[in-house]
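*Asks:*
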Amino acid sequence: MEIYNVEDVFVSVGFPEHTYISREKIEREMKLGKVNRAKQILVYGGSKMGKSNLWRKHFSEDEIIKIPINSNKTVDDIYTEILSELQAFYTTEKGQSTGVTASLLGELQAKVAALFNAKLQASTQTTRTKSDKEVAVVTPLIGANLVIKYLKPSRKVIVLEDFHYANEGVKKQISQDLKAFSDERQQFVMLSVEQNNTDLVLYNTDLMGRIIGISVGSFSYHELHEMVTRGANLLNIEFSEQMTDKIVDESMYSAALAQDICLRLCFELDIMRTCTERQYFDDLGLVERACQSIASDNEIAYKKIVAEVAAGGRSDGTTEKYKWFLRMIRDTDIPEEGLRNTEVLQRLRAMGHTNIEQNSVTSGLKYLPNLLVRRNLPPVFGFNGGDGAERFYLLDKYMKFVFKWQPDLIDSLFS
């Protein structure tokens, strides 16, 4: 019998090699995108839904260059990181003089605008001199063409992690450049919590037909049931059907959260590796203790979000509605397709916030994503759509999970 360590079986962060569950539709779309290198791939879906694991399943580390995105990163920063990973060097030869040939080698390491002074080591073919020289170097234009020049022979794919953090200027410039990359069959895989492909096409209509959008949503009951059962079998243990059902229900159909619950369960049971004899468990209280433990560990991460959101904005003279938004997230189900702003109003009134009107709800929901950006907080909410079609999205199920198991986070706002 092969022995497995529990942390290699149930993996909440990183690629779960032994318990990865394939989903036919999105696996097929990713395979199609990979073989058609002229297509740019946008993978979008809520946090902890398996976006990163999807590309890791289909691309090896040797095939990709991974660039993490944040709100301060510019396009030049992104391209410079790519060039650095590709080890792009520039060499200038100094002509022969009195029998001496000097080779000057400068490595492009930082973003520059026009000229920069590079301190280069000049080594000669004589035994007499060795000196450092300050020289002015004309900077090559850092742009799509330069990246393509070095990217093409490498045959690597660029993965932009957390593309939703990119500012509008970066999205606009990337959208302009993606056509050039597509023309040269140089592929990007962009990971985002929201469907930004529409915005990219609006910035550059030439991208029509050049972007494959892959929606990564919740896992099904059967998929998560298979994951739990497969992992348990590798550890030579068995959870009762009731325990497995509760694990899946409490995970809110997030694979990462289901993995985390199973890992905590094993810690509670002191199962660190494959058991020598088969063990059977049927205790729903164990699942609850595991959930409580996870929520407690993650509470501090969401405390700041709760405080900032509850403070809200004062543009319309009220902040009361923001804490009601948080209570709505905790106490009601937010469907994958989101809630219309009219549905949010109905829920708030049903919960007891009766002195609120539709325009106040709509303005508050529109403000929430901007509030998160201004406070440098993760994008746990989304709100988009045209007039009359606006929808509110919950993009982080871990937050709802923590709210459920740490109810005082929200209750304290109303005390």
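If you count the sequence shown from 1, position 102 lands on 102 in the UniProt record's numbering, and the numbers rise without skipping. For every residue, glycine included, the Cβ atom is placed at its ideal position computed from N, Cα and C.
1. Ignore the nearest five residues each way along the sequence and tell me which others in Glu-250's own chain have a CB closer than 7 Å to its CB.
2. Just to confirm the assignment, what range does the alpha helix (DSSP H) spanning Asn-233 have?
3. Let me make sure I understand the geometry here. Which of Pro-16, Ala-295, Thr-342 and Ser-52 has the alpha-carbon closest to that of Gly-193?
4. Please go through the same chain and pick out, in chain order, the residues whose beta-carbon is closer than 6 Å to the beta-carbon of Ala-166, but skip the five residues on each side of it.
5. Do Lys-323 and Leu-413 have their C-beta atoms closer together than 7 Å?
6. How would you call Ser-220, buried or exposed, if buried means at least 16 neighbouring beta carbons within 10 angstroms?
7. Are there 16 or more other CB atoms within 10 angstroms of the CB of Glu-29, so buried, or fewer, so exposed?
8. Checking 7 Å against the spacing of the C-beta atoms, do residue 458 and Phe-403 come in under that value?
9. Look at Asn-79 and Ile-142 and say whether their C-beta atoms are less than 7 Å apart.
10. Could you pull the start and end residues of the beta strand (DSSP E) that Ile-65 belongs to?
11. Can the beta-carbon of Gly-338 be found closer than 7 Å to that of Gly-217?
12. Less than 8 Å between the CB atoms is what I'm expecting for Lys-48 and Leu-257, so what's the real figure, rounded?
13. In terms of DSSP beta bridges, what is residue 432 paired with?
14. Output the boundary residues of the beta strand (DSSP E) element that contains Gly-382.
15. To the nearest angstrom, how far is the alpha carbon of Arg-185 from that of Lys-156?
16. Measure how close the beta-carbons of Pro-379 and Leu-372 come, nearest whole angstrom, since I'm counting them as under 8 Å.
17. Give every residue of the same chain whose Cβ lies closer than 6 Å to the Cβ of Ile-41, excluding the five residues on either side of it in the sequence, and list them in chain order.
18. Among residues of its own chain, excluding the 5 on either side of Phe-392, which ones have a beta-carbon nearer than 6 Å to its beta-carbon?
19. Hey, out of Glu-336, Arg-349, Val-75 and Gly-312, whose CA is closest to residue 442's CA?
20. State the start and end residues of the unbroken alpha helix (DSSP H) segment that holds Glu-81.
21. Would residue 416 be called buried (16 or more neighbouring beta carbons within 10 Å of its own) or exposed?
22. Less than 7 Å between the beta carbons of Arg-264 and Ile-294, yes or no?
23. To test your reading of the DSSP string, which unbroken alpha helix (DSSP H) runs of 4 or more residues are found completely within the segment 241-272?
24. Following the continuous beta strand (DSSP E) through Gln-279, name the residue where it begins and the one where it ends.
25. Ile-67 and Glu-81: beta carbons closer than 7 Å?
26. What does Glu-238 pair with, by DSSP beta-bridge criteria?
27. Return the chain-ordered list of same chain residues with a C-beta closer than 8 Å to the C-beta of Gln-242, the five sequence neighbours on each side being excluded.
28. If we call anything under 7 Å between Cβ atoms a contact, is Leu-235 one with Thr-274?
29. Can you tell me whether Leu-202 is buried or exposed? The criterion is at least 16 other CB atoms within 10 Å of its CB, across all chains shown.
30. Note the first and the last residue of the continuous alpha helix (DSSP H) segment covering Phe-403.
31. Does DSSP put Tyr-4 in a helix, in a strand, or in coil?
32. Kindly list the residues whose CB is nearer than 7 Å to the CB of residue 437, restricted to its own chain and excluding five residues on each side of it in sequence; keep chain order.
*Replies:* In short:
1. Ile-261, Val-287 and Cys-291
2. 221-234
3. Position check: residue 193 holds Val in this sequence, whereas Gly was assumed. It is Ser-52 whose Cα lies nearest to the Cα of Val-193.
4. Ile-69
5. Yes.
6. By the beta-carbon neighbour count (other beta carbons within 10 angstroms, threshold 16), Ser-220 is exposed.
7. buried
8. This structure leaves residue 458 out entirely; the chain is present only between 1 and 415.
9. Strictly speaking, residue 79 in this sequence is Tyr, with Asn absent from that position. Yes; because the gap between Cβ atoms is below 7 Å, this pair is in contact.
10. 64-68
11. No, they are not a contact pair.
12. The C-beta distance from Lys-48 to Leu-257 rounds to 6 Å, short enough to fall under 8 Å.
13. Since the first and last residues shown for the chain are 1 and 415, residue 432 lies out of range.
14. 381-384
15. Here the alpha carbon of Arg-185 sits roughly 11 Å from the alpha carbon of Lys-156.
16. 6 Å
17. Gly-33, Val-189 and Ile-212
18. Gly-338, Leu-339, Val-344, Leu-365 and Phe-383
19. Nothing can be reported for residue 442, as the shown portion of the chain is limited to 1 through 415.
20. 75-85
21. Given that the chain is displayed from residue 1 to residue 415, the structure contains no residue 416 and the question cannot be resolved.
22. yes
23. 241-250 and 255-268
24. 279-281
25. Yes, they are a contact pair.
26. Tyr-280
27. Cβ within range, chain order: Asp-282 and Leu-284.
28. yes
29. exposed
30. 397-405
31. coil
32. The structure shown does not extend to residue 437, since the chain is modelled only from 1 through 415, so no value can be given for it.
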